[in-house]
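In this note's numbering, the protein residues as written are 11 to 411.
Backbone N, C-alpha and C fix where the C-beta goes; we use that ideal spot for every residue, glycine too.
Right, one structure below, let's go through it.
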Amino acid sequence: MRLPSDQDATGRFLGVEELDRLRAVIDSGVLTATKGVQTPELEARVGAITGHRSVVACSSGTAAIHAAIAACDPEPGDEIVTTSITDMGALTPILFQGAIPVFADVDARTGMVTAESVRAAMSERTRAVIVTHLFGLPAPVDAIVDAVAGSDAMVIEDCAQAFLTQRAGRQVGTFGSMACFSTQQGKHVTSGEGGLIASDDDRLARRARMFVNKAWPYGEADPDHEFLALNYRTTELQSAVANAQFDKLDAAVRQRRATVTRFLERLGALPGVSVPALEAGDVATWWKVPILVDREVVPGGPVALAAALAEHGVASAPRYIRKPAFECALFRDQRTFGSSRWPFTLARPDALDYSPGRFPGTYEYLERVLVVPWNERYDDGHAEAIARVVRDAVHELAGAS
Ligand SMILES: *Cc1c(COP(=O)(O)O)cnc(C)c1O
11 MRLPSDQDAT GRFLGVEELD RLRAVIDSGV LTATKGVQTP ELEARVGAIT GHRSVVACSS
71 GTAAIHAAIA ACDPEPGDEI VTTSITDMGA LTPILFQGAI PVFADVDART GMVTAESVRA
131 AMSERTRAVI VTHLFGLPAP VDAIVDAVAG SDAMVIEDCA QAFLTQRAGR QVGTFGSMAC
191 FSTQQGKHVT SGEGGLIASD DDRLARRARM FVNKAWPYGE ADPDHEFLAL NYRTTELQSA
251 VANAQFDKLD AAVRQRRATV TRFLERLGAL PGVSVPALEA GDVATWWKVP ILVDREVVPG
311 GPVALAAALA EHGVASAPRY IRKPAFECAL FRDQRTFGSS RWPFTLARPD ALDYSPGRFP
371 GTYEYLERVL VVPWNERYDD GHAEAIARVV RDAVHELAGA S
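The following block contains the structure:
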């Protein structure tokens, strides 16, 4: 089977709409976002889509997370509660901003943090909680916002994998103080690289905008470089592509939902396999499809199943990430600036306690998850064929035991 891939044209809808806008940018000669028209249009468009008053476009999802942390302006050594299962680009900006990532454990069924695990990870030094919506499924951000209320911490939602996802009937990204998005090659919409910060808080939005612009307040009277900041700007070329792509987001999400629904229907109940459960009011937009494989029932677990699927041309990723973030050399050996280990040197010892016993949900989830890639070029035929391959492989492995 040859499946469409989001890493090339087979799995993306890129075409004349993107080219027309790119040509207009080239013809205008204005490639910088600071003087262009595509970038303001993109920011307004994403504001309308996500329901936010302010949107700031930037160079990547990583830059968006960094700008959100900078907008929150932690003191060195302050803590940001985050998750052990995420993209490294959601973690390194915390350290660059002098703050300490504190890992909350995840629910072994969802791979996402919970109100309980977030609360357990918080201290009087917590300035923000990053809630990551994995695979286009919603984290319990409503309960997390309630759990955080009354503390000094703000909630930042990482929606890089969760365009148009809903929790309890409401779009994710609208629960916290800021939401971050990515338009990297493999996300729901792509401009190659790109990021967005969305907020309804004018002060936070201004700080985020300043942060991606060397802290220069374009358009304001008596401007000055007001604080330490970087150039994380996008370009008119990226924004042109992103504008055309966002026009296609609704259709892409509709297609993903329809084909994943078909896949899950055809998969049916399988011994040792569970599929994501959605609560009432939740809407998944399926960046990828995570299934859980019980090695007691399916010998070899996700690794054996992935190998069996690969024989039929169906790629999949056991574990999603090779190891919990805190096991990476960056955290294990505290490799940061020279040999200083800063800002880890400022941390409470408890914030750096990565003992496996503190993360049972993380280890269990990574042992059980198998991530099936998906994109909007999959049709019902693909969905049915993948379901058939998975069913046959599970039955064969389970039967062989
Ligand atoms: C992709 C991703 C990021 C980083 O985005 P980039 O555009 O690749 O820098 C951050 N968080 C999550 C959850 C992601 O999936």
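Beta-carbon gap between residue i and residue j smaller than 8 Å
i, j, result
"Ala77", "Ala218", "yes"
"Val56", "Leu247", "no"
"Asp210", "Cys190", "no"
"Gln195", "Asp16", "yes"
"Arg276", "Ala397", "yes"
"Val381", "His322", "no"
"Lys298", "Pro383", "yes"
"Leu356", "Val263", "no"
"Ala294", "Gly146", "yes"
"Thr244", "Thr49", "yes"
"Glu236", "Met220", "yes"
"Val415", "Ala131", "Outside the shown range of the chain, which is 11 to 411, sits residue 415, and nothing can be said about it."
"Ala73", "Tyr242", "yes"
"Leu362", "Phe354", "yes"
"Val251", "Gly282", "no"
"Gly121", "Val379", "yes"
Paired residues, beta bridge with residue i - DSSP
i, result
"Val139", "Val91, Val165"
"Thr245", "Thr42"
"Met188", "Ile166, Ser209"
"Gln181", "Gln176"
"Leu380", "Ile301, Pro328"
"Ile110", "Glu89"
"Cys338", "According to DSSP, Cys338 bridges with nothing at all."
"Ala67", "Leu206"
"Ser284", "Leu302"
"Val151", "DSSP, once it has assigned bridges, lists no residue as partnering Val151."
"Val35", "According to DSSP, which records beta bridges pairwise, Val35 is partnered with nothing at all."
Residue i versus residue j: straight-line alpha-carbon distance, rounded
i, j, result
"Ala261", "His62", "21 Å"
"Pro148", "Asp390", "24 Å"
"Ala325", "Ser192", "23 Å"
"Asp343", "Tyr364", "12 Å"
"Arg143", "Thr124", "Correcting the residue type first, residue 143 is His in the shown sequence and not Arg. Approximately 11 Å, taken between the alpha carbons."
"Lys224", "Ala109", "20 Å"
"Pro312", "Ala395", "19 Å"
"Leu29", "Val35", "10 Å"
"Ala318", "Leu407", "9 Å"
"Asp257", "Ala290", "28 Å"
"Trp352", "Ala339", "15 Å"
"Ser249", "Arg22", "17 Å"
"Glu377", "Pro328", "8 Å"
"Asp18", "Leu259", "18 Å"
"Gln265", "Arg387", "8 Å"
"Thr96", "Phe106", "17 Å"
"Phe347", "Asn253", "38 Å"
"Arg345", "Tyr375", "27 Å"
"Pro150", "Arg272", "25 Å"
"Ala287", "Gly367", "26 Å"
"Glu306", "Ser127", "27 Å"
"His198", "Pro14", "14 Å"
"Met11", "Val26", "28 Å"
"Ile59", "Gly71", "18 Å"
"Leu238", "Leu32", "33 Å"
Check whether the region 141–155 and the region 180–190 touch, using three or more Cβ-Cβ pairs below 8 Å as the test. At 8 Å Cβ cutoff, the stretches touch.
Between the region 60–67 and the region 99–119, do at least 3 Cβ pairs fall closer than 8 Å? Taking a contact to require three or more Cβ pairs closer than 8 Å, the region 60–67 and the region 99–119 do not qualify as touching.
Any chance the region 320–337 sits against the region 170–181, with 3 or more Cβ pairs inside 8 Å? No, the region 320–337 does not touch the region 170–181.
Validate contact between the region 80–92 and the region 126–141 using beta carbons, cut 8 Å, 3 pairs: Because the criterion of three Cβ pairs below 8 Å is met, the region 80–92 and the region 126–141 touch.
Below 8 Å, can you find three or more Cβ-Cβ pairs linking the region 300–317 to the region 391–399? No, the region 300–317 does not touch the region 391–399.
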